Amino acid sequence: MTQEQFYKEISDAIVNLEKEKAIELANRAVNENMKLLEVIEKGYGDGIRRIGDLWEEGEFFLPELMLGGTIMQEAMDVLLPKLKSSGENLNLGTVVIATIEGDIHSIGKTIVGTMLSANGFEVYDLGADIPAEKIIDTAIEKNAEVIGVSALLTTTMFGQKNVVDILEKKGIRNKFKVIIGGAPVNRSWTEECKADGFAGSAVEAVKLVKELLNK
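Per the working numbering, residue 129 is the first one in the sequence shown, and the count goes up by one each step.
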């Protein structure tokens, strides 16, 4: 079996909601000393993205969406300790991420959080439909360097700007790097928000955070 076939098998296990198989493949990846970052991105991440697409298309419903996320997390519980114990990428910084208030989409944000964690960042994922004030309060409490705010709807993306506006009003904008993401987000919106950057994928998000923190 080639690496690509192995990644496809993982992705299919996630989409088919095969929990035992998804965890078994995670253990195999660890035992065979595979490149775990690639396993996460090309295998598990791909599967979760496919589940998100099926949900958007009306093929999957909320229970499947939530079960897929649970299976992904259990597989990550196998992979992430191994990644972190390797000591290659430890303690690169603290990131607080959330999907903004009014928006329940969390698949993309969850993948970003997983990839950041896999790359050695301490990640606090607050979930979806989170008020701007709570995101900021958590960032202060956890002494985070980066705040990541996701929005999948044009009606909720203004909440991303609200996070930056509140930070400015509190006089603490310079304490945090703010990154944004989601389907409607582009460079011009990022500039209008006065955010520090945007990412179109989990891989881009990791690269962006590393650049912003000079890691």
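Note that the Cβ used here is the ideal one computed from N, Cα and C, for glycine as well.
Only a predicted model underlies this, so the values are computations on that prediction, with no experimental measurement involved.
To the nearest angstrom, how far is it from the Cα of residue i to the Cα of residue j?
i, j, result
"Ile228", "Ser278", "6 Å"
"Val143", "Met194", "12 Å"
"Leu295", "Ala141", "42 Å"
"Lys212", "Val291", "31 Å"
"Val274", "Gly310", "17 Å"
"Ile308", "Ile151", "31 Å"
"Asn271", "Glu332", "23 Å"
"Met204", "Ala157", "12 Å"
"Pro209", "Pro191", "28 Å"
"Ser125", "Phe326", "Because the chain here runs from 129 to 343, residue 125 falls outside it and cannot be looked at."
"Val313", "Glu202", "30 Å"
"Ile263", "Asp293", "13 Å"
"Tyr135", "Gly299", "46 Å"
"Glu184", "Lys322", "30 Å"
Taking buried to mean at least 16 other C-beta atoms within 10 Å of its own C-beta, is residue i buried or exposed?
i, result
"Lys163", "exposed"
"Met243", "buried"
"Gly255", "exposed"
"Thr238", "buried"
"Asp174", "buried"
"Phe189", "exposed"
Mind checking who residue i pairs with in its DSSP beta bridge?
i, result
"Phe134", "BP columns for Phe134 are empty, so no partner."
"Asp205", "Answer is none; Asp205 lacks a bridge partner."
"Asp253", "Ile225"
"Ala327", "Gly309"
"Ile258", "Ile228"
Once the 5 residues before and after residue i are set aside, which same chain residues still bring their CB inside 6 Å of it?
i, result
"Val167", "Ala157"
"Lys147", "Ile199"
"Leu220", "Gly248, Phe249, Lys343"
"Gly241", "Ile225, Val251, Asp253"
"Thr282", "Pro312"
Beta-carbon within less than 8 Å of residue i's beta-carbon, same chain only, minus the 5 sequence neighbours each way: which residues are those?
i, result
"Glu261", "Ile294"
> Counting only runs that start and end within the region 265 to 300, where is the beta strand (DSSP E) found for 3 or more residues in a row?
Replying inline: 274 to 278
> Can you list the beta strand (DSSP E) stretches of 3 or more residues lying completely in the region 136 to 192, in chain order?
Replying inline: none
> Which residue spans inside the region 221 to 247 form an unbroken beta strand (DSSP E) run of at least 3?
Replying inline: 221 to 227
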